[in-house]
Ligand SMILES: Cc1cc2nc3c(=O)[nH]c(=O)nc-3n(C[C@H](O)[C@H](O)[C@H](O)COP(=O)(O)OP(=O)(O)OC[C@H]3O[C@@H](n4cnc5c(N)ncnc54)[C@H](O)[C@@H]3O)c2cc1C
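Residue numbers (my numbering): 7 to 401.
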């Protein structure tokens, strides 16, 4: 067996969060390896949009700007969100947010998954990424002073001062570090696709709360909208089985024609929804970022934004410790990251969970009360603009 390849930081998982961490930490001067069990992303443009798109906040935009990557991402069909309309029973009685009223250039951007991953991977230093290899059962040495040895599925190994788990919800690094995670399934599934609409979107994101879950239509640069329809597992299966024209009719009815006539949906994908929160984000020689640490309902479009905020914070804390010539991989440094990010992430987890639950209750009077609440907030300009400004910069 060959000797392990030494590095300072090994990041396991090369999704958006892991590859952003690899870019940010490499730029801060750390010797990083990124291990991704899948293939490297395709570097060429695809004709149609990726079915997975994300609403990216100003916080995520700032990180990507700092990495010098935003211009490339923006040129890859990113669409600014100029306004949002949220309602439950009647679109005429919506809560409306406008970027201009909040004094922000936009409330966020809609960006394709593929464009984000490809841009981040293209910016990795040569020799940083190992693709098509997974981890053999990872094990942390009981002596925290020793580097962590990671055996890879191709028979090679790495020896790292710090391991970052960025493998998504089912993180083997989280498990190997002995970090418990709490959570539950929402017994709900998100159906996603893109769809043509007769009404021009003018940069508006629409979201209707139904008792079965929220339905959101997000603006795309080519004039279509991207759908995230969260509903019961049975309803999701039924929606996936419909022919295109009937599916478009169902969606139009669910959105009360707020986007006009709908047609030509693209292939539908589905994602089971869950909530998960790691009880700790760090352990000796280990830190978790992104969905490895927290998985959130997509109704506020914040999961990835929280993950990128983890990356920005962890990179800042490690960089500060390294510049001060402290042991940057010491548990004390990692715990600083944990304190900052856990508080913010928990707040967003709790808020989205409570919102989802509030709108799923369907007893007499309650939904009318919610509608009145939305209408009342819509009339309170300072509160509403404060919420819009918070949404624009969140995470
Ligand atoms: C329907 C839906 C809509 C959403 N919309 C938004 C939105 O608008 N805005 C937003 O901010 N968030 C949104 N999210 C949340 C967002 O998708 C996630 O938070 C984000 O993708 C998590 O990224 P990640 O890199 O942490 O994890 P993942 O995307 O799960 O990436 C993990 C990576 O690790 C790799 N991997 C796994 N195990 C191993 C291993 N053992 N060894 C090596 N590699 C491994 C995987 O192949 C993968 O590449 C949405 C989620 C859903 C379901």
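By construction, the Cβ of each residue, glycine as well, lies at the ideal position given by its N, Cα and C atoms.
These numbers were taken from a predicted model, which means no experiment stands behind them.
Task: residue 173 Cβ short of 7 Å to ligand 1 heavy atom set - done: The residue you call residue 173 lines up with position 167 of the chain shown. Checking the Cβ of residue 173 against ligand 1 gives yes.
Open item on the list: Is any non-hydrogen atom of ligand 1 found closer than 7 Å to the C-beta of residue 297, if you look at the structure I gave you?
Closed with: Along the chain shown, one-based indexing puts residue 297 at 291. At least one heavy atom of ligand 1 is nearer than 7 Å to the Cβ of residue 297, so yes.
Open item on the list: Do residue 199 and residue 143 have their beta-carbon atoms positioned less than 8 Å apart in this structure?
Closed with: Taking the chain shown and counting its residues from 1, one reaches residue 143 at position 137. Taking the chain shown and counting its residues from 1, one reaches residue 199 at position 193. Contact flag unset, no.
Task: Residue environment, residue 338, which counts as buried when at least 16 other CB atoms sit within 10 Å - done: As a first step, residue 338 is located in the chain shown; it is residue number 332 there, counting from the start. The residue in question, residue 338, is exposed, as its Cβ has fewer than 16 Cβ neighbours within 10 Å.
- [ ] Could you round the C-beta distance between residue 303 and residue 340 to whole angstroms and report it? I think they count as a contact, below 8 Å.
- [x] Mapped onto the chain shown, residue 303 falls at position 297. Mapped onto the chain shown, residue 340 falls at position 334. Their Cβ separation, rounded to whole angstroms, is 28 Å, which puts residue 303 and residue 340 out of contact at 8 Å.
Open item on the list: Assuming residue 197 and residue 286 are in contact, meaning their beta carbons sit under 8 Å apart, how far apart are those beta carbons, in whole angstroms?
Closed with: Counting from 1 along the chain shown, the entry for residue 197 is found at position 191. Counting from 1 along the chain shown, the entry for residue 286 is found at position 280. Not a contact, Cβ separation roughly 34 Å.
Task: CB contact flag (residue 289, residue 185, <8 Å) - done: Sequence index remark: in the chain shown, residue 289 carries index 283 (1-based). Sequence index remark: in the chain shown, residue 185 carries index 179 (1-based). Yes, they are a contact pair.
Task: Rounded C-alpha distance that separates residue 323 from residue 329 - done: Numbered from 1 along the chain shown, position 317 holds the residue referred to as residue 323. Numbered from 1 along the chain shown, position 323 holds the residue referred to as residue 329. Rounded to the nearest angstrom, the two C-alpha atoms are 10 Å apart.
Open item on the list: Using 8 Å as the threshold, is the C-beta distance between residue 298 and residue 191 below it?
Closed with: Here residue 298 corresponds to residue number 292 of the chain shown, with the count starting at 1. Here residue 191 corresponds to residue number 185 of the chain shown, with the count starting at 1. For residue 298 and residue 191, no; Cβs fall outside 8 Å.
TODO: Verify the contact flag: residue 350, CB atom, against every heavy atom of ligand 1, threshold strictly below 7 Å.
DONE: In the chain shown, counting from the first residue as 1, residue 350 sits at position 344. Residue 350: no, Cβ never under 7 Å from ligand 1.
Open item on the list: Just checking residue 15 against ligand 1 - is the residue's beta carbon closer than 7 Å to any of the ligand's heavy atoms?
Closed with: Counting from one through the chain shown, the residue named residue 15 turns up at place 9. Outside the cutoff, so no.
Task: Proximity of residue 257 and residue 233 at Cβ, strictly below 8 Å - done: Position 251 of the chain shown, counted from the start, is the residue given in the question as residue 257. Position 227 of the chain shown, counted from the start, is the residue given in the question as residue 233. Yes, the Cβ-Cβ distance between residue 257 and residue 233 is below 8 Å.
Open item on the list: Quick check: the stretch 65-77 against the stretch 214-221, are at least 3 beta-carbon pairs closer than 8 Å?
Closed with: no
Open item on the list: Let's test the definition: count the other Cβ atoms within 10 Å of the Cβ of residue 16 and tell me whether it reaches 16, buried, or not, exposed.
Closed with: By one-based count along the chain shown, residue 16 stands at place 10. The residue is buried, with at least 16 neighbouring Cβ atoms inside 10 Å.
TODO: Inspect the beta-carbon positions of residue 314 and residue 26 and report whether they are closer than 8 Å.
DONE: Looking up residue 314 in the chain shown gives position 308. Looking up residue 26 in the chain shown gives position 20. Going by C-beta atoms, residue 314 is nearer than 8 Å to residue 26.
- [ ] Pick helix, strand or coil for residue 401, following the three-state DSSP scheme.
- [x] Position 395 of the chain shown holds residue 401. Because residue 401 carries a pLDDT of 48, less than 50, the predicted location of this residue cannot be relied on, and the following value inherits that uncertainty. Coil at residue 401, not helix or strand.
Open item on the list: Quick check: does the Cβ of residue 170 come within less than 7 Å of any heavy atom belonging to ligand 1?
Closed with: Numbered from 1 along the chain shown, position 164 holds the residue referred to as residue 170. Answer for residue 170: no, Cβ out of range of ligand 1.
Task: Nearest candidate by alpha-carbon position, reference residue 195, set 242, 266 and 250 - done: Position 189 of the chain shown, counting from 1, holds the residue named residue 195. Minimum Cα distance to residue 195 is reached at 242.
- [ ] Run the CB neighbour count on residue 356, radius 10 Å, all protein chains shown included, and call it buried at 16 or more, exposed below.
- [x] As a first step, residue 356 is located in the chain shown; it is residue number 350 there, counting from the start. By the 10 Å Cβ count, residue 356 comes out exposed.
- [ ] Rank 269, 134, 251 and 331 by C-alpha distance to the C-alpha of residue 204 and give the top, closest one.
- [x] Residue numbering aside, residue 204 sits at position 198 when the chain shown is read from its first letter. Of 269, 134, 251 and 331, the residue nearest in Cα terms is 269.
Open item on the list: Can you find the residues in the same chain that come closer than 6 Å, C-beta to C-beta, to residue 160, ignoring five residues on each side of it along the sequence?
Closed with: The residue given as residue 160 occupies position 154 in the chain shown. Excluding sequence neighbours, residue 160 sits near 139.
TODO: Apply the 10 Å Cβ neighbour rule to residue 53 and answer buried if 16 or more other Cβ atoms are within range, or exposed otherwise.
DONE: Looking up residue 53 in the chain shown gives position 47. Exposed, since its Cβ has fewer than 16 Cβ neighbours within 10 Å.
Task: Distance CB(residue 238)-CB(residue 193) smaller than 8 Å - done: Position 232 of the chain shown, counted from the first residue, corresponds to residue 238. Position 187 of the chain shown, counted from the first residue, corresponds to residue 193. Their beta carbons are under 8 Å apart, which means residue 238 touches residue 193 by this criterion.
Task: Close Cβ partners of residue 227 (< 6 Å) along its chain, the five nearest in sequence each way excluded - done: Here residue 227 refers to the residue found at position 221 when the chain shown is read from its first residue. Answer for residue 227: 83 and 85, listed in chain order.
Open item on the list: Rounding to the nearest angstrom, what Cα-Cα distance links residue 265 and residue 108 in this structure?
Closed with: Taking the chain shown and counting its residues from 1, the one referred to as residue 265 is at position 259. Taking the chain shown and counting its residues from 1, the one referred to as residue 108 is at position 102. If you take the alpha carbons of residue 265 and residue 108, they lie about 24 Å apart.
TODO: Let me know the beta strand (DSSP E) ranges lying completely inside the stretch 272-297, each 3 residues or longer, listed in chain order.
DONE: 275-284 and 292-294
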